[in-house]
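Asks: The structure that follows is given in the form of structure tokens.
2 protein chains.
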Amino acid sequence: MIRKYRFGTPLPTGAVVRSLPEAQGPVPHFAMTRAEDGRTAFTLALREGEQLFGLGEAVGNLNRRGHRYRSWNMDDFNHTENKENLYCSHNFLLLSGAGRCFGLYMDDPGEVLWDLGFTQKDTLRIVSVNGDFDLYLLEEDTPDALCRAFRGLTGRSYLPPRWAFGYLQSRWGYASETEIEAVAEAHRSRRIPLDGICLDIDYMDHFKDFTWNRERFPDLAGLCARMKADGLRLVPIIDAGIKAEAAFDVFREGEEKGYFCEKADGSTFLAAVWPGLSAFPDFLRPEVRAWFGKKYHRLMAAGIEGFWNDMNEPALFYSPEGLEEAFATVEGLRGEAMEHDASFRLTGAFDGVKNSRADYARFFHRVEGRRVRHDRVHNLYGAAMTAAAADGFRAFDPGKRFLLFSRSGFIGAHRDGGMWMGDNSSWWSHLLLHLKMLPSLNMCGFLYCGADLGGFSGDTTEDLLLRWLQLGVFTPLMRNHSALHTRDQEIYRFSVWEDMRNVLTVRYALLPFLYSEFMQAALTDGMLFRPLAFVWPEDPLARQCEDQLTLGAHCMIAPVYQQNAAGRMVYLPEDMLLVRFRSAEDFDTERLEKGWHWVPLALREFALFIRRGHFIPLGEAAERSAQASLKRMRPLGWLDRETRLDFYEDDGFAVCPRMEEHLRSICVKPEECV
Amino acid sequence: MIRKYRFGTPLPTGAVVRSLPEAQGPVPHFAMTRAEDGRTAFTLALREGEQLFGLGEAVGNLNRRGHRYRSWNMDDFNHTENKENLYCSHNFLLLSGAGRCFGLYMDDPGEVLWDLGFTQKDTLRIVSVNGDFDLYLLEEDTPDALCRAFRGLTGRSYLPPRWAFGYLQSRWGYASETEIEAVAEAHRSRRIPLDGICLDIDYMDHFKDFTWNRERFPDLAGLCARMKADGLRLVPIIDAGIKAEAAFDVFREGEEKGYFCEKADGSTFLAAVWPGLSAFPDFLRPEVRAWFGKKYHRLMAAGIEGFWNDMNEPALFYSPEGLEEAFATVEGLRGEAMEHDASFRLTGAFDGVKNSRADYARFFHRVEGRRVRHDRVHNLYGAAMTAAAADGFRAFDPGKRFLLFSRSGFIGAHRDGGMWMGDNSSWWSHLLLHLKMLPSLNMCGFLYCGADLGGFSGDTTEDLLLRWLQLGVFTPLMRNHSALHTRDQEIYRFSVWEDMRNVLTVRYALLPFLYSEFMQAALTDGMLFRPLAFVWPEDPLARQCEDQLTLGAHCMIAPVYQQNAAGRMVYLPEDMLLVRFRSAEDFDTERLEKGWHWVPLALREFALFIRRGHFIPLGEAAERSAQASLKRMRPLGWLDRETRLDFYEDDGFAVCPRMEEHLRSICVKPEECV
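Chains as they are written, first to last, in this note's numbering: chain H, 177 to 850; chain L, 177 to 850.
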């Protein structure tokens, strides 16, 4: 059951696709206070053993109890465990255990604070800062049912094309056709599987969206065609800000049409991002989305079939106003005696210009004709840019799926694109964080997602990348991405590249199955990755498990995420078959009974667990997703009787596949299993 | 066996207390290269399964293989897992397993780089940047024997007074007698055990060393006396920099005597720290140490018996020269178009003034009459300040132990003081980091140490502090410390304060035993905390264990370090007795066989494991260390026969106790055990 409560005068967010009547009376479970300025707080006493899940992209545990969060989309690359907010706001929280099970969705485009037992161990407190929002209360018997009901409320998940399940190589720094060809060739010559290469900002002409540098990319269409002939695709980045340069037609057009966000005086708001001073399309308006979306066609005309949207929190390096204030602060401090903490104020002056609250209060959108200050709808910006791109794709070819993933977002964006987990670091703890974010994103509808394998910031190590690839094998978006000035991170740079390649062979051999599981989850409003607590809610050890997940209906994953570890402890809530992979051809299996097991896993080995009574189909190794098939299929499983698997297969592009038309049964007898 | 190799013309570091002849020929195991500028590199191929331990204070695992470190003392509060250097340099590394076991000590006061299989998985590479150093190669059969041999080389560990094993409450912000009395009273009235309160910089008069604010502390001697009458001691902080104020006699004296570090032109080097522009005593000169050490007497005369030395990397907020350069950079950027990364250069300009390499090259020491640029001996500064304080203590009362712990240090400082692990954060990962640093510090001789319980930076949570106290129970320095502007962190601020108090009762009941174990480790050149790999080197699971330690000769600890966890997996390399503590009076025991165990531990419970065939004496709860005794002693253990324990006891102050005079045997029969 879902009830909708309205507070203040909410602005449309686009998150919810069902129209519900407004419920009357107080919100069950919560005590509410509402201040004169609209600030609205909901408080609830948490029970012993109650668990909290959700909030999508965020640091911390699967069970989010004890942490403090803030819905406020933010470009912050330092994902330490105390961070309250990252690039997205996903305001869906689920409470389960101790006799209660309900979910809460704050459909609020502004700042929301979540104190999940941080300040007081047993007190949950949620605050809408602006006080204009719809609150949806969902009640079901199980977390699974709650998540399904929530998807019913917010709409079906985005479907990427099948090739997007191939391995993608990316780096901030790929700056020319020559370089791209060299990266492709380095994979090809070593038979390292690959499906695409992502282009970061370097491909552009002076960081201008929808352009490319004509010297370094003299023939983008030719490059695309050559790559595609080899089964590879290019995936360029698009940033939110448009370079404020009179000679740049996209800027000129936007200015002429009045499509950019404005300051209070009606002039275009400018702030610096990569291209220098830039204007920000008012994506909240449908005509702006349609206009911006069509700009993607410039690249699509050259053969591009996938994009990533970035800097759309929006990230602001500074505004001219903010910079002037910082200069003034610094000048003012120059004469001072500089005792005590003056030097901190000095460094803080320029740190403070980035993504500043003052700047987010300096510009305005138009929403249904009203002028709305940005900070009241801040968290919608990235999702609206995603919607613009999706509009553009539909306009280009309504019958085809395109790849799209975004850094910033809001619930609703899960219908239009996937996401990556932002600018993480080459830290072992971020390998585990990658795992932990998967189910919380899935709960919010984001099924196509993944983190930068090997880590974006900082230098990776060989073993970190290898272990991270072993998790990446199972995540829909499987991308190796790294930052400029860090160590080269392509697989072939490392002494253990053959072990890494072997890991990728497992991805491609499992690809038909992984795609099938993904599509079934998407088309039935389910999750691909679930906490063990959702699947075995009566098992107290499963409920606490923070470093294992179920994958689809049949499997469990438990990656090694500690340096130098030659294995790990794994908890099995029921009997399972361990498959210890070294490559698609080289693996061993072991039947393990319910309970704790030490699972030896050398650096080049990783584990997949298959539930007893289930099997999965392992295909042949392939170097491109298009070649990945079940033509030669080996079932892996521990079966006690003949068993059926629902297998989904389609052309990989159809926009609205009807699941039943693409499902077939695979039947396997116990003795047929490897 | 220890061999000493000399390279270049090393400066004295004070680390080594034994004089060894120089060995000839190449250094065994290593390939060496030496560049014209002196830069000297040692390379070694690591074997499969070989483990690396050591380097004292540093982030990362017990087994440091795969990480990259840098010996360069640095005030950096953001202890993320990628950090190469913290506040100390402890250049002792131990390699064991795969048929080799040896240690290496780089007695080098300058920058040393340690690539422990970071860049190449199987390549160890150590680089002395300056190339003037002694290299000591130690060979023994076991890690234990190596560590003992290393202590033989570098001297006996510092002995704190017994009261330093009591619980200490600290906070940056305690600014008056009234506040101190209130903190003491809040503990007293709730019967929360306590032995002292640390004073951070706030007690000083304008951050001038050896002063106190006479308005806020009108009668420091009276305060000390009142506190001491109740068994409490005050532990004030001393910073490295001396406020450059003509009216400040310590500064004037230092100037007159020429005791401060100088610039190339012979003028006193000044840089800003808390008091504003400050001068830095040239602690590398014995006469300066003697002079500075006696300044502690001003506070000791008021009854102070313990200190902590801070900011002695030395931390430099900025030098006037560095600041001017930053202003010039910023002015230069003001006119620029600010494309691309200009805003990063802007923020970087002022970030770069802090602890800058340029500043460390701006000033000089005098070493044995020679003028030596600071950056060649940078890592000695903190240790030399510690030595100065120790000199002062001996001069004040040569027969008495005083408490001293320092932030920065070098090997050698372990003879003069303890250390805390610097400005950590209220992160769960730092609870585990606290555990991991203990044995690596012990290896380097630092036995009296601990981290800020609850975390220094950021807001703690109730459960984090409670779990952290449960580890702190076992660490010699048990201090709750937090930063200004963070959440109040005294035990009595929290709803679960009674659970926290109960945890402290276990500390005090175990205090006689913990003190006994500490003193025996110190007086026999042993370690208090050891990796399981040292104790059970043949057990592959023990060798990999990264989150458990042995404590002394009889026990093992395995704290819970994950939020919301209601227990944890623990690996027992042999049969052990689990003691599950809730308080000194409330605990249960369970006999557990060798192997893996899920150990349920509710939030208010923590575990101590006692090896089968051993017992430990649990005393009575007490509120002050002086009252902690074994008058009513309960032996805890799983004994198969009558068993003897060597128990050490002294007056808690004697400077050079002879162990055998203070040891007695406690004999216990199996049936006497709880």
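The beta carbon of each residue, even a glycine, is placed where N, CA and C say it ideally should be.
Keep in mind that this is a model prediction, so the values were computed, not measured.
May I have the straight-line CA-CA distance separating Glu-260/L from Asp-599/L, to the nearest angstrom?
Replies: Rounded to the nearest angstrom, the two C-alpha atoms are 15 Å apart.
Asks: Name the chain H residues whose beta carbon is nearer than 8 Å to that of Met-745/L?
Replies: Residues of chain H passing the Cβ test: Met-745, Trp-772.
Asks: Using CA coordinates, which residue listed in Leu-231/H, Met-745/H, Phe-757/H, Ala-537/H is at the minimum distance from Trp-290/H?
Replies: It is Leu-231/H whose Cα lies nearest to the Cα of Trp-290/H.
Asks: Between the stretch 652-681 of chain L and chain H, which residues of the former have CB atoms less than 9 Å from a CB of the latter, in chain order?
Replies: Result list: Arg-663, Phe-670, Ser-671, Val-672.
Asks: Are the CB atoms of Asn-555/L and Leu-492/L within a distance shorter than 8 Å?
Replies: Contact flag unset, no.
Asks: Strictly below 7 Å CB to CB, what residues from chain H border Trp-604/L?
Replies: Per Cβ cutoff of 7 Å: Glu-257.
Asks: Less than 8 Å between CB atoms is the rule here; does Asp-639/H satisfy it with respect to chain L?
Replies: Asp-639/H counts as touching chain L.
Asks: Pop quiz: Phe-341/L and Tyr-691/L are said to be a contact at Cβ under 8 Å. What is the actual Cβ separation, rounded to whole angstroms?
Replies: Going by Cβ atoms, the distance from Phe-341/L to Tyr-691/L rounds to 5 Å, so yes, they are a contact pair.
Asks: Ser-602/L and Thr-562/L - do their beta-carbons sit closer together than 8 Å?
Replies: Contact: no.
Asks: Would you report the Cα separation of Phe-689/L and Cys-277/H, rounded to the nearest angstrom?
Replies: Each residue's alpha carbon lies about 48 Å from the other.
Asks: Below 7 Å between beta carbons is the criterion; list the residues of the stretch 484-511 of chain H that meet it against any residue of chain L, in chain order.
Replies: Hits within the stretch, in order: Phe-493, Tyr-494, Phe-503, Val-506, Arg-510.
Asks: Rounded to whole angstroms, what's the CA-CA distance from Asp-701/H to Asp-592/H? Just pull it up for me.
Replies: Their Cα atoms are separated by approximately 15 Å.
Asks: Is the number of C-beta pairs between the stretch 268-284 of chain L and the stretch 227-243 of chain L that are closer than 8 Å three or more?
Replies: A contact exists between the stretch 268-284 of chain L and the stretch 227-243 of chain L.
Asks: Could you give the DSSP three-state label for Phe-572/H: helix, strand or coil?
Replies: Here Phe-572/H sits in helix by DSSP.
Asks: Starting from Tyr-245/L, trace the beta strand (DSSP E) in both directions and tell me its first and last residue.
Replies: Run containing Tyr-245/L: 244-247, per the beta strand (DSSP E) assignment.
Asks: Whole angstroms are fine: how far does the CA of Phe-427/H sit from the CA of Gly-349/H?
Replies: If you take the alpha carbons of Gly-349/H and Phe-427/H, they lie about 25 Å apart.
Asks: Helix, strand or coil: how does DSSP classify Tyr-737/H here?
Replies: Residue state, collapsed to three classes: coil.
Asks: Return no unless some Cβ of chain L is closer than 8 Å to the Cβ of Gly-175/H.
Replies: This structure cannot speak to residue 175/H, because chain H is shown only from 177 to 850.
Asks: Would you mind stating whether Arg-210/H and Thr-216/H have Cβ atoms separated by less than 8 Å?
Replies: In contact: Arg-210/H and Thr-216/H (Cβ atoms closer than 8 Å).
Asks: Grab me the residues of Val-303/H's own chain with a C-beta within less than 6 Å of its C-beta, minus the 5 sequence neighbours each way, in chain order.
Replies: Contacts found: Ala-217, Leu-289.
Asks: Consult DSSP for Ser-616/L and reduce its assignment to one of helix, strand or coil.
Replies: Note: Ser-616/L maps to helix in three-state DSSP.
Asks: Kindly list the residues whose CB is nearer than 7 Å to the CB of Tyr-435/H, restricted to its own chain and excluding five residues on each side of it in sequence; keep chain order.
Replies: Pro-457, Asp-458, Val-464, Trp-467.
Asks: Would Leu-580/L and Gly-594/L be called neighbours here (beta carbons separated by less than 8 Å)?
Replies: Yes, Cβ-Cβ distance for Leu-580/L and Gly-594/L is below 8 Å.
Asks: Where do the N-terminal and C-terminal ends of the alpha helix (DSSP H) with Ser-692/L fall, by residue?
Replies: That run of the alpha helix (DSSP H) goes 673-699.
Asks: I'd like to check one pair, Asp-751/L with Tyr-737/L: are the Cβ atoms closer than 8 Å?
Replies: Taking 8 Å as the Cβ cut-off, Tyr-737/L and Asp-751/L do not qualify as a contacting pair.
Asks: Whole angstroms is fine: what's the gap from Phe-572/L's alpha carbon to Pro-202/L's?
Replies: So the alpha carbons of these two residues sit roughly 47 Å apart.
Asks: When you compare the CB of Glu-722/L with every CB in chain H, is at least one pair closer than 8 Å?
Replies: Cβ-Cβ to chain H under 8 Å: yes for Glu-722/L.
Asks: Assuming the contact rule is C-beta atoms closer than 8 Å, Val-672/H and Lys-297/L should be a hit. Round their C-beta distance to whole Å, please.
Replies: The Cβ separation is near 7 Å, so the contact holds.
Asks: Would you report the Cα separation of Lys-845/H and Gly-828/H, rounded to the nearest angstrom?
Replies: Computed Cα separation, rounded: 29 Å.
Asks: According to DSSP, Gly-585/H sits in a beta bridge with which residue or residues?
Replies: According to DSSP, Gly-585/H bridges with Cys-264/H.
Asks: Counting Cβ pairs, one atom from each stretch, are 3 or more of them under 8 Å apart for the stretch 766-777 of chain H and the stretch 651-669 of chain H?
Replies: Short answer: they don't touch.
Asks: Pick helix, strand or coil for Glu-117/L, following the three-state DSSP scheme.
Replies: This structure cannot speak to residue 117/L, because chain L is shown only from 177 to 850.
Asks: Please identify the residue among Met-177/L, Ile-667/L, Tyr-472/L, Thr-819/L whose C-alpha is closest to the C-alpha of Ala-321/L.
Replies: Considering only alpha carbons, the answer is Met-177/L.
Asks: Can at least three beta-carbon pairs, one atom from the stretch 640-652 of chain H and one from the stretch 622-629 of chain H, be found at a separation below 8 Å?
Replies: Contact between the stretch 640-652 of chain H and the stretch 622-629 of chain H is present, because at least three Cβ pairs lie under 8 Å.
Asks: With DSSP collapsed to three states, give me the class of Ile-373/L.
Replies: If DSSP states are grouped into helix, strand and coil, Ile-373/L belongs with the strands.
Asks: Hey, quick one: how far does the beta strand (DSSP E) through Trp-484/H stretch, first residue to last?
Replies: Element bounds for Trp-484/H: 482-486.
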